[in-house]
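In the numbering used here, the protein residues as written are 479 to 812.
In structure tokens form, the structure reads like this:
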């Protein structure tokens with residue numbers, strides 16, 4: 479059997495290696511497909527152009543012995559476009575290119591070994607992955623801080639150590655009343671950032687002016703936090719008393735007055751229009767809708783709310799102005 483191949487006029491001994499790297503280079507594949515991985519690693523060591531040979535026994539010329547070397551012709555994409563057959567007389571017979579209609583001759587090289595990547599391409603890919611992971615972590619942590627809050631959020635606006643806390647009262651020199659002390663704590667702990675205008679206006683946090691929440695609820699809220707509000711475990715029970723005193727001192731912007739309507743008729747309308755489905759216990763308990771007992775909303779606001787609705791509350795355009803007066807009278811009676 480002949481032991482010679484020719485590459486562009488160069489006679490090669492059986493098993494002799496070929497240099498590769500540019501378009502049109504010819505590979506020597508001693509056997510198929512078990513040595514493809516070896517050829518791949520040789521290319522990788524040379525840092526040559528990325529070539530992905532696709533090899534398998536069919537559709538190679540089955541008349542050739544399986545242990546004969548075969549040379550693949552690769553294009554710039556690394557796909558095999560043909561191969562060279564051996565010849566018996568190197569001095570008289572030129573290699574005959576055999577064109578293959580189907581450029582995918584079998585299994586791709588990456589199924590046998592990892593795809594070759596130049597060193598700089600690998601470094602850039604690893605760098606891009608690291609940047610992507612870091613960006614995801616930053617975005618997740620920012621979201622967690624905003625929505626969940628937690629102990630980290632509490633530390634942002636926390637009071638100094640116990641030994642220095644008395645100096646905070648210098649914001650208001652010698653605060654005499656519990657209300658004044660509460661205002662100092664309210665400002666020092668950054669409550670004003672979310673409860674805007676010293677608690678009189680809603681921001682990220684709700685408006686505290688005129689709140690109907692009881693003292694126990696407020697104490698738990700300060701200690702444990704909720705939603706976007708972080709916990710403030712360092713605030714003592716005595717300091718919570720001062721904060722509650724300050725919150726209670728905030729007077730409503732629109733004080734409510736007794737309505738001239740009929741509370742009994744208002745209760746009938748409240749039931750008939752399904753208000754009790756969302757404002758539970760006939761308005762005394764929060765459900766899907768707010769607790770109405772002790773609300774500080776003025777009559778104009780309530781009338782507009784009944785007429786146009788808001789958020790989950792639908793509009794009730796069929797309710798007349800006189801009926802609204804009766805409903806308001808019922809709400810004020812709670």
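Every residue, glycine too, gets a C-beta built ideally from N, C-alpha and C.
All figures in this text were calculated on a predicted structure; none of them were measured in a lab.
Rounded straight-line distance, which links the Cα of residue j to that of residue i
{"i": "residue 699", "j": "residue 765", "result": "19 Å"}
{"i": "residue 609", "j": "residue 709", "result": "32 Å"}
{"i": "residue 761", "j": "residue 668", "result": "34 Å"}
{"i": "residue 704", "j": "residue 693", "result": "16 Å"}
{"i": "residue 725", "j": "residue 684", "result": "12 Å"}
{"i": "residue 673", "j": "residue 603", "result": "46 Å"}
{"i": "residue 740", "j": "residue 780", "result": "16 Å"}
{"i": "residue 793", "j": "residue 786", "result": "4 Å"}
{"i": "residue 782", "j": "residue 695", "result": "30 Å"}
{"i": "residue 620", "j": "residue 613", "result": "11 Å"}
{"i": "residue 715", "j": "residue 702", "result": "13 Å"}
{"i": "residue 756", "j": "residue 697", "result": "27 Å"}
{"i": "residue 615", "j": "residue 691", "result": "37 Å"}
{"i": "residue 754", "j": "residue 611", "result": "50 Å"}
{"i": "residue 763", "j": "residue 812", "result": "11 Å"}
{"i": "residue 742", "j": "residue 789", "result": "28 Å"}
{"i": "residue 655", "j": "residue 775", "result": "29 Å"}
{"i": "residue 750", "j": "residue 795", "result": "14 Å"}
{"i": "residue 530", "j": "residue 618", "result": "Residue placement at residue 530 is flagged as unreliable, the pLDDT there being 33, under the threshold of 50; the coordinate-derived value follows with that caveat. If you take the alpha carbons of residue 530 and residue 618, they lie about 39 Å apart."}
{"i": "residue 719", "j": "residue 777", "result": "32 Å"}
{"i": "residue 746", "j": "residue 675", "result": "39 Å"}
{"i": "residue 711", "j": "residue 659", "result": "18 Å"}
{"i": "residue 689", "j": "residue 758", "result": "19 Å"}
Test item: CB-CB of residue i and residue j under 8 Å
{"i": "residue 803", "j": "residue 738", "result": "yes"}
{"i": "residue 717", "j": "residue 663", "result": "yes"}
{"i": "residue 805", "j": "residue 748", "result": "yes"}
{"i": "residue 773", "j": "residue 797", "result": "no"}
{"i": "residue 791", "j": "residue 767", "result": "yes"}
{"i": "residue 677", "j": "residue 665", "result": "no"}
Residue range of the alpha helix (DSSP H) that includes residue i
{"i": "residue 728", "result": "From DSSP, residue 728 is part of no alpha helix (DSSP H); its letter is neither H nor E."}
{"i": "residue 669", "result": "669-672"}
{"i": "residue 659", "result": "656-666"}
{"i": "residue 759", "result": "758-761"}
{"i": "residue 770", "result": "Residue 770 -> no alpha helix (DSSP H), and no H or E assigned at all."}
{"i": "residue 811", "result": "799-811"}
{"i": "residue 781", "result": "777-786"}
{"i": "residue 692", "result": "Per DSSP, residue 692 belongs to no alpha helix (DSSP H) and is neither H nor E."}
{"i": "residue 745", "result": "741-750"}
Buried/exposed call for residue i, threshold 16 Cβ in 10 Å
{"i": "residue 605", "result": "exposed"}
{"i": "residue 770", "result": "buried"}
{"i": "residue 744", "result": "buried"}
{"i": "residue 713", "result": "buried"}
{"i": "residue 721", "result": "buried"}
{"i": "residue 807", "result": "buried"}
{"i": "residue 800", "result": "exposed"}
Expected contact under 8 Å - CB spacing of residue i and residue j to nearest Å
{"i": "residue 657", "j": "residue 723", "result": "5 Å"}
{"i": "residue 671", "j": "residue 706", "result": "Wrong, their Cβ atoms sit about 11 Å apart, outside the cutoff."}
Any non-hydrogen atom of the ligand MN closer than 7 Å to residue i Cβ
{"i": "residue 680", "result": "Absent from the structure shown: the ligand MN. Ligands present: none."}
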